[in-house]
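Structure record follows, encoded as structure tokens.
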Amino acid sequence: MFQRRAVRHRLLRLYDAALSALGPQHWWPAETQFEVAVGAILTQNTAWINVERAIANLKGARLLSPAALARVPFGELARALRPSGYFRVKARRLKAFIQHLWSHHGGSLRRMLAQPLPTVRAELLGISGVGPETADSILLYAGNHPIFVVDAYTRRILSRHRLVSPKASYEKLQRLLMANLPSDPALFNEYHGLLVHVGKEFCRSRPRCETCPLKFDLQGRPPKL
DNA sequence: GGCCAGGACACCA
DNA sequence: TGGTGTCATGGC
């Protein structure tokens, strides 16, 4: 269909423009796949800089492993997570995740992620505190599964460029992206990293927006703010 | 001092 | 399904 080809074309132009202006993003910023999963939970509605502090606390206390997180008392864990905000909520969610990992996969995230994509995704979504974005971040960035991570920046940028409504659901945005892009984990990885970079750097205000490399890339008109 | 940041969930209509 | 309040720290 013409419309689908147009959407595909615009999505690819958006990607090309961002990549050529900003370069590869080398996501996810973590040393291990387990650290990716922990970071995905800690970054919920939180600036990444604050997540880094919490992860540094975990590393400093030698808590960044499935075994250590299973053992550590709740209060001690919450204290370590304090800089990332919502620390009691996140301590509870991390504990729920770890509990699931041990009861179903012997504490092995690798084993859990080795299952087929629909199986792992449903399993992750069944854990309290793991919603669609957190699940998909773990699937893509820790498991290398071909799934697109939708976040606030994705919604903001694609709606400002008139590809979706600002109120589009997570599933609708994800379907749009995945139906119009090759099913390639490396592409999904880079694309989402670029959207976050663009969002952080250029979407905060009109003056910054004016300097965005994507400014007039789509449809030849400026984005809606 | 207010606003926002790489959400998820309970509760309600 | 869709809207709203809650959870909390830290930077600007």
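Going by my numbering, the first sequence opens with residue 58, and the numbers climb by one from there.
Glycine included, C-beta positions come from ideal geometry on N, C-alpha and C.
Distance between Asn246 and Val207, taken at the CA atoms: about 11 Å. The region 235-254 makes no contact with the region 124-138, as fewer than three CB pairs between them are under 8 Å. Shortest Cα-Cα distance from Thr103 to any of Lys116, Leu138 and Pro270 involves Leu138. Per DSSP, reduced to three states, the secondary structure at Cys266 is helical.
Just so you know, the alpha carbons of Leu182 and Leu196 end up roughly 11 Å apart.
Comparing alpha carbon positions, the residue from Val95, Leu252, Gly142 and Gln60 closest to Leu120 is Val95. Annotation for Val93: the continuous alpha helix (DSSP H) segment containing it runs Gln90 to Leu99.
According to the DSSP assignment, Asp193 belongs to the alpha helix (DSSP H) that extends over Pro189 to Ser194.
Put simply, the region 149-165 touches the region 183-202. At least three CB pairs are less than 8 Å apart. DSSP, reduced to helix, strand and coil, places Lys147 within a helical segment of the structure shown. For Lys272, there is no enclosing alpha helix (DSSP H), since its DSSP letter is neither H nor E.
When the beta-carbon positions are compared, Ala97 and Thr176 stay at least 7 Å from each other. In this model, Val146 and Pro189 are separated by some 17 Å (Cα to Cα).
Closest by C-alpha distance to Arg212, out of His202, Phe205, Lys224 and Pro203, is Lys224. Contact between Ile214 and Gly250 does not hold, since the beta-carbon distance rounds to 13 Å and is not under 8 Å.
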